[in-house]
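Asker:
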Amino acid sequence: MAVNNTAVIAWGSGEDGQLGLGDNEEKEWISSVTSLSSVTVISVVAGSRNSLAVCDDGKLFMWGWNQRGTLGHQPTTKTENIPSQVEALDNVKIVQAAIGGWHCLAVDDQGRAYAWGGNEYGQCGEELDKKDDSGRTLRRDIVIPQRCASKLSVRQVAAGGTHSVVLTREGHVWTWGQPWPPGDIKQISTPVRVQGLEKVKLIAVGAFHNLALLEDGNLWAWGNNEYGQLGTGDTQPRSQPVPVQGLSGLKLVDVAAGGWHSTALTDEGEVYGWGRGEHGRLGFGDDKSSKMVPQQVQLLAGEDIVQVSCGGTHSVALTRDGRMYSFGRGDHGRLGYGRKVTTGHPSEVPIDLPPPKDDDGSGLGRWCAKYVACGGRHTIAIVEWRAAEADGLI
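For the sequence shown, UniProt numbering gives the first residue as 1, with consecutive numbering after it.
This is how it looks when you write it as C-alpha cells:
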C-alpha cells in the first residue's frame, strides 16, 4: 500500500521567525517545519513577516512577527519562531485564512469571518470608536480574533496592505479598511459592497490592488495601478472594477496577486503575468520590465502549471507532477535553491527531504509539492510523499 505522508516546508528569510523552524536564521534551501508534523495541514499562507497553517480539523496555527497581535494572542515577544495554535478560534472550524500587511482574516465552515492584528485603518472591521483630544478616531490593535463582517455569509477572505476583502457565498465582493496607499482616501471600517461584480468565483489581493475571477472565466481588477498590476494597459488607478485586458478567449482557473504584480492561470496550465517586473518576479527572463497587460510566461510553457503564488518580489509556480519553479529576487534565500542571484528565469526548487518514517523501508518515491504560498521574503509549501508504485513519474 502506498504511503501518503505530508509535510510543511519553508525557506527564505527567517529574521522574524516566519519559517517556523525554531530559529530566526534565513534558509537558502528548503527545511521541514517539524513542529507541524503531528497535524494534517491543508493550506498555508505566507505574509510579509509571518505565516499560518490551516489544518484538516479546522485548527489554525501561526508563527512569525507578533508586535501588532498578528498571531492572534497577546504579544509577549516580538517574534515567535515555532507555530502555535490560535486558541481563541479553537471552538470553530477554520477553513481558510489570509494575512495582510499586519492584520489577519479567517473564515469558518459556517461562513463567519474573523479579524485580528493592526486596526489603525479599520482593516479589522468595526470597533467602538475612541476619540483623542482633537476628535480623531483612535483605533487599537485587535490581539484576540473577533468577528468581522458579521452580516455576511463569507466563502473566502483576502487581505491587502491595509484593507480587507471578502467573497460571499452569493458571489458578491465586500471590502473595508484603507484600500489605497495611506493618505489617498478616507478609510472605512464597515464593509461596503464592490459594485458591478456578480457570480465571483475567487478573489486575490495584493498590497493595494484587487482581482476577482468570475464564474464565467472573466477577470476584473481594481485599486492601485502604479506598475500596471491591474492589466488595463495603463497606470491609472481604478476605484471600480474593470476587465483585465489581453485574456479574452482563455479559460482562467486561478489568479494570484503579489505586492505589485499579478498572475493568471489557464485550464491548459499556462501562466500569464503582469504588473511590476523589477527583480524578475514575472518570470519573463529579464529583471526589469513591468507589463501593463498580461503576457504569457513562455519560460513556463509546457510545464502544466496548476498553481502560482506571488510574493513581495518573487514568485513560485507549481506543476501538476509536484515540482516547484521559483523566480525573482534572490537575496535572503527567497528562491530556495542555494543561490542568492536575482533572476527572471524560473528554476526548480529541490525538495530534498528524507522519506517519511513509516515508509516501507525501500525509500522509493519522492516528495511532491501540493500547494505553495509566497510571502514578503519567504515561502511556505505543503509537500506529499508519493511512493514509487503510486507515481509513474519516477
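All C-beta atoms, glycine included, are put in the ideal place defined by N, C-alpha and C.
In this text, all values refer to a predicted model and were calculated from it rather than measured experimentally.
1) Got a sec? Which residues, its chain only, sit under 6 Å from Gln307 by beta carbon, not counting five neighbours each side?
2) Please state the DSSP three-state secondary structure of Gln85.
3) Classify Ala301: buried if its beta carbon has 16 or more other beta carbons within 10 angstroms, exposed otherwise.
4) Comparing alpha-carbon positions, which option in Ser326, Pro355 and Gly333 lies nearest Gly344?
5) Take the Cβ of residue 401 as the centre, count every other Cβ of all protein chains shown within 10 Å, and call the residue buried at 16 or more, exposed below.
6) DSSP three-state call for Gly365: helix, strand or coil?
7) Are the stretch 188-200 and the stretch 248-263 in contact at 8 Å, needing three or more beta carbon pairs?
8) Taking the C-alpha atoms as reference points, what is the distance between Gly64 and Ala212?
9) Which of helix, strand or coil does DSSP assign to Thr266?
10) Run through DSSP, which three-state label would Gln229 get?
11) Quick one: measure Cβ to Cβ for Arg147 and Tyr121, integer angstroms, because I've assumed they're closer than 8 Å.
12) So which of Arg320, Pro355, Ser153 and Gly312 has the shortest CA-CA distance to Leu335?
13) Using the C-alpha atoms, what's the distance from Lys340 back to Val271?
14) Grab the span of the beta strand (DSSP E) containing Asp56 for me, first residue to last.
15) Below 6 Å CB to CB, which residues in the same chain sit around Asp267 once its five sequence neighbours on both sides are set aside?
16) Under a Cβ-count criterion, where at least 16 other Cβ atoms within 10 Å of its own Cβ denotes burial, should Leu364 be classed as buried or exposed?
17) By the 10 Å Cβ neighbour count, where 16 or more other Cβ atoms means buried, how is Ser239 classified, buried or exposed?
18) Helix, strand or coil: which one does DSSP assign to His73?
19) Which residues in the same chain have their Cβ closer than 8 Å to the Cβ of Val242, if we skip the five residues on either side of it in sequence?
20) Would the stretch 38-56 count as touching the stretch 90-100 if we require 3 or more Cβ pairs under 8 Å?
21) Among all the DSSP beta bridges, which residues are the ones paired with Trp174?
22) Are the Cβ atoms of Gly217 and Arg169 separated by less than 7 Å?
23) Of all the options Asp23, Thr6 and His172, which has the alpha carbon lying nearest to the alpha carbon of Gln195?
24) Quick one, are the C-beta atoms of Gly161 and Gly228 less than 7 Å apart?
25) Would you mind sorting residue 437 into buried or exposed? The rule is 16 or more other CB atoms within 10 Å of its CB.
26) Could you have a look at Ala388 and say whether DSSP puts it in helix, strand or coil?
27) I'd like the span of the beta strand (DSSP E) that includes Glu348, first residue to last.
28) Leu19 by DSSP, collapsed to three states: which one?
29) At the level of alpha carbons, what is the spacing between Ala7 and Thr235?
30) Beta-carbon within less than 8 Å of Val192's beta-carbon, same chain only, minus the 5 sequence neighbours each way: which residues are those?
31) Taking the continuous beta strand (DSSP E) assigned at Thr313, which residues delimit it?
32) Are the CB atoms of Ala46 and Cys374 within a distance shorter than 7 Å?
33) Closest by CA to Ile71, which one among Phe208, Gly117 and Pro356?
Answerer: On the basis of the data shown:
1) Leu318
2) strand
3) It counts as exposed.
4) Ser326
5) Given a span of 1 to 394 for the chain in the structure shown, any question on residue 401 remains unanswerable.
6) strand
7) no
8) In a straight line, the C-alpha of Gly64 is about 29 Å away from that of Ala212.
9) strand
10) Three-state result, Gln229: coil.
11) Actually they are not in contact, since the Cβ atoms of Arg147 and Tyr121 sit about 18 Å apart, beyond 8 Å.
12) Closest option to Leu335, Cα to Cα, is Gly312.
13) Distance between the alpha carbons of Val271 and Lys340 is about 24 Å.
14) Segment: none, Asp56 is in no beta strand (DSSP E) and carries neither H nor E.
15) Lys251 and Val253
16) By the 10 Å Cβ count, Leu364 comes out exposed.
17) exposed
18) When secondary structure is reduced to three states using DSSP, His73 falls in the coil class, being assigned neither helix nor strand.
19) Trp220, Ala221, Trp222, Leu230 and Thr232.
20) yes
21) Residue pairing by DSSP places Trp174 opposite Val166 and Arg193 in a beta bridge.
22) The answer is no: Cβ separation not under 7 Å.
23) For Gln195, the closest of Asp23, Thr6 and His172 by C-alpha to C-alpha distance is His172.
24) no
25) Outside the displayed range of the chain (1 to 394) lies residue 437, so it cannot be described from this structure.
26) helix
27) Thr343 to Glu348
28) Looking at Leu19 - three-state DSSP - the assignment turns out to be coil, as it is neither helix nor strand.
29) 41 Å
30) Trp174, Thr175 and Trp176
31) Note, Thr313: premise wrong, no beta strand (DSSP E); not H, not E.
32) yes
33) Per the sequence presented here, residue 71 reads as Leu, with Ile not at that position. Leu71 has its Cα closest to that of Gly117, out of Phe208, Gly117 and Pro356.
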